[in-house]
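*Asks:* One structure coming up, written as structure tokens, with questions to follow.
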Amino acid sequence: MDKNYSVVNFDELYTVNCPCGTTRRAFTDDPDQIASIHMVDIKQDSELHYHKKMTEIYLILEGEGHMELDGELIPVRKDSTILIKPGCRHSAIGKMKIVNIPVPAFDPDDEYFD
Numbered sequence: 001m002d003k004n005y006s007v008v009n010f011d012e013l014y015t016v017n018c019p020c021g022t023t024r025r026a027f028t029d030d031p032d033q034i035a036s037i038h039m040v041d042i043k044q045d046s047e048l049h050y051h052k053k054m055t056e057i058y059l060i061l062e063g064e065g066h067m068e069l070d071g072e073l074i075p076v077r078k079d080s081t082i083l084i085k086p087g088c089r090h091s092a093i094g095k096m097k098i099v100n101i102p103v104p105a106f107d108p109d110d111e112y113f114d
């Protein structure tokens, strides 16, 4: 019988490159694809991108800087949270550590660059 829960330790996940820096991604292989959660180390020069299907929720854990959201620069710092809806072009500026919750789960085919 399948369990109705899953447990992952971020420190046991491998790190991959992403438009924002490096990330460790949990629950991307869940068959229901409801959501995933990522621990992301933002680099100084993250790439402006958007998604057509995914909504993302960012929680800043460490650092400070700005989020570029549809051309507007918004200051962010530790404990800031940002809801990024599909179609919003976004980029993080500054060195930060964040938790990112994509809904539905992250799909690399839903990442677009202008």
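Under the UniProt record's numbering, think of the first position of the sequence shown as 1, with each following residue one higher.
Each residue gets a CB set at the ideal place from its N, CA and C atoms; glycine is no exception.
Here the structure is a predicted model, which means the values were calculated and not measured.
#1: For I60, I'd like the list of residues in its chain whose CB is within less than 6 Å of its CB, leaving aside the five on either flank, ordered along the chain.
#2: So T28 packs on T22, CB below 8 Å; how close in whole Å?
#3: On a Cα-Cα basis, can you pick out the residue from G71, Y50, N9 and L48 that is closest to residue 191?
#4: Can you check DSSP and say which residues form a bridge with S91?
#5: Give me whichever residues DSSP pairs with V99 in a beta bridge.
*Replies:* So, from the data block:
#1: V76, K78, S80, M96 and I98
#2: With a Cβ gap of about 15 Å, T28 and T22 do not count as contacting.
#3: With the chain represented from 1 up to 114, any question about residue 191 goes unanswered, as that position is not in the structure.
#4: E68
#5: M39 and L59
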